[in-house]
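Report on one structure; see the data block that follows.
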Amino acid sequence: MSNVQLNITLPENIPTWKIESLIPYDNNPRTHSEEQINQLVASMVEFGFTNPILVDRDTREIIAGHGRLMAARKLGLREVPVIALSHLNEAKRRKLIIADNQLALNAGWDMELLATEISALNEMGEDLDVLGFDSDFLDDILKTDLEETPQNHDQEISSLVERFGVPPFSILEVRKGYWQKRKKLWKKVIGENGESRTGTLFSDKTFIGDIGTVSILDPVLCEIIISWFGLGVGTKCVDPFAGDTSFGFVSGMKGCEFTGIELRSEQTKLNQERCEKANLKSKYINDDGQNILKHIKPNTQDLLFSCPPYFDLEIYSDLPNDASNQGSYEEFLKILENAFSGAIKTLKENRFAAIVVSNIRNTKTGCYRNFVDDVIRLFQRNGMEFYNDIILVDVVGSASQRAAHNMKNRKVVKVHQNVLIFYKGDPKKIKEVFSNDVFVDNFTDKEESDE
């Protein structure tokens, strides 16, 4: 078999040598089991040949990479990437053969971060076998990640999770076990994979609930907003930038009536079909969010929840009235102002609005545009008070891979977003209008019993 037939990707700008020209080191003290070679084979198929073999330039003897060579032979490769070293004397070459293996063994794992990363990959539906861990270890670490940490077993925290879905703190942690468990069940029910948004996400963006390369609004966050700031069954929910299916679907599942405005016809159709299939009272209208008052009467809605576009950080379409497709940040803000001012008018008095935003960088300067404050001022200009400031801490995901690169420009990788809560009316009447009990049901338990 050839490299082309197997489609094994080789690193760029690194020379390849024919396999038969390489000489294994007779006294190599590192042993390789058949199981480990199979793992290396699986890794090469999944990721490509990412780690070149080190050889002595003069003798062609292998210094590091005996296992990789054995895996390459098993794959039928004819050539492998090689880095030839000529600066080592015999003593240093022998030491490097040992050190290359032992130094890797000396590294440890941050088990909490490892559990977070493995859980995120599992959430994406990725094959975990190629990571090299045995199945028992993976089962244990996934089970640990989905359980609450020791401090969360505290009676008060457990009580808050049971009563409110997640603890009602100003920091919401997506990576927690109770959140991930609930999210997994919601994803199974919704079936949202971002089909109509593939390819829109720019590589440096951190979105709530990333799935692959497409941003999807986290359904658990949708549920929390409805539960905490809605009025229970029959709550009329509205979103002028509807986007994916999450909020409309979760609203319907919670017994609410949802109306969303979505500019892109293909997304509107997909959302509506998905909700109709589940017999939900969720309506998606294909129009510009700036025209919301053409479809919804003033003072009729109970909850406004939206995750608006982030200017040019994610381009959704080439439509001229698409907020993400504007020539300047000022033009983008004007569209948001028109849409949200209309959406606020649809709200009844003494009702909440929740807006998911994050500061975005100017692609020319690299500096933040202060989008969060611009949204706060927008809602305040339109008669809503800034009531709660919530930070949503997402899973690390690919942020760890981007962190070292970003630090070259001293940029830290964003792994959080702001959930801004506004109130229209008299805050003193909140206790009169909203029940003492939040609208959290036993969704998780019902789903588990159905499996």
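If you read the sequence shown in our numbering, its first letter stands for residue 51, the second for the next number, and so on. All C-beta atoms, glycine included, are put in the ideal place defined by N, C-alpha and C.
- Distance check between Leu153 and each of Ala114, Leu60 and Ser136 places Ala114 closest, using alpha-carbon atoms only.
- Contact between the segment 420 to 440 and the segment 465 to 473 is present, with at least three C-beta pairs closer than 8 Å.
- Close CB contacts of Gln376 within its chain, under the 6 Å cut and outside five residues either way in sequence, are with Phe382 (chain order).
- Counting C-beta atoms within 10 angstroms of its own C-beta, His116 has 16 or more neighbours from the protein chains shown and is therefore classed as buried.
- Of all alpha-carbon atoms in Asp289, Arg213, Gly284 and Thr295, the one lying nearest the alpha-carbon of Ile274 is that of Arg213.
- Looking from the CA of Ile221, the closest CA among Lys481, Asp439 and Ile480 belongs to Asp439.
- Following the DSSP letters along the chain, one finds Trp159 in no beta strand (DSSP E), marked with neither H nor E.
- DSSP, read as helix, strand or coil, puts Val406 in strand.
- Between Arg110 and Ser136, the CB-CB gap reaches or exceeds 8 Å.
- For Ala328, there is no enclosing alpha helix (DSSP H), as DSSP gives it neither H nor E.
- Around the C-beta of Gln430, fewer than 16 other C-beta atoms lie within 10 Å, and the residue is accordingly described as exposed.
- Here the C-alpha atom of Ile147 lies approximately 7 Å from the C-alpha atom of Asn78.
- Taking all protein chains in view, the Cβ of Cys417 is surrounded by fewer than 16 other Cβ atoms within 10 Å, so the residue is classified as exposed.
- Annotation for Val132: Pro65, Thr66, Trp67, Pro102, Ile103 and Val105 place their beta carbon closer than 7 Å to its own, counting only its chain and skipping 5 residues before and after.
- Residues of the same chain with a CB within less than 7 Å of the CB of Leu178, apart from the 5 flanking positions on each side, are Ile168, Leu171, Asn172 and Leu188 in chain order.
- With contacts defined by Cβ atoms closer than 8 Å, Asp294 and Ile335 do not form a contacting pair.
- Ranked by how close their Cα comes to the Cα of Thr413, the residues Ser356, Tyr360, Ser93 and Ser208 have Tyr360 in first place.
- In this structure, Pro269 is the residue among Ile207, Pro269, Asp160 and Glu206 with its C-alpha nearest to the C-alpha of Arg232.
- Distance from the CA of Lys461 to the CA of Ala141, rounded to the nearest whole angstrom, comes to 42 Å.
- With contacts defined as CB atoms closer than 8 Å, Val211 and Pro217 qualify as a contacting pair.
- Assigned with DSSP and collapsed to three states, Thr100 falls in coil, not helix or strand.
- Residue nearest to Asn321 within the set Phe299, His466 and Thr81 is Phe299 (criterion: CA-CA distance).
- Taking 8 Å as the cut-off, the beta carbon of Leu119 is found no closer than this to the beta carbon of Ile191.
- Inclusion of Gly310 and Ala389 in the CB contact set at 8 Å is not warranted, their separation being larger than that value.
- Note that the C-beta distance between Cys325 and Gly302 is below 8 Å.
- Within the same chain, and ignoring the five residues on either side of Leu60 in sequence, the residues whose Cβ sits closer than 6 Å to its Cβ are Phe99 and Pro131.
- Spatial neighbours of Leu138 in its own chain (CB-CB distance under 8 Å, excluding positions within 5 residues in sequence) are listed in chain order as Asp106, Ile113 and Leu146.
- In the DSSP annotation of this structure, the continuous segment of the alpha helix (DSSP H) that includes Lys238 starts and ends at Gly227 to Ile240.
- Classified as exposed, Pro348 has fewer than 16 neighbouring CB atoms from the shown chains inside 10 Å of its CB.
- With respect to the 8 Å criterion, Val180 and Ala92 are classified as neighbours on the basis of their beta carbons.
- In the three-state DSSP reduction, Asn78 falls in the coil class, being neither helix nor strand.
- A residue is called buried when at least 16 other Cβ atoms come within 10 angstroms of its Cβ; Gly215 meets this threshold and is buried.
- Taking C-beta atoms as the reference points, Leu353 and Gly305 fail to come closer than 8 Å.
- Within the same chain, and ignoring the five residues on either side of Arg80 in sequence, the residues whose Cβ sits closer than 7 Å to its Cβ are His116 and Asn151.
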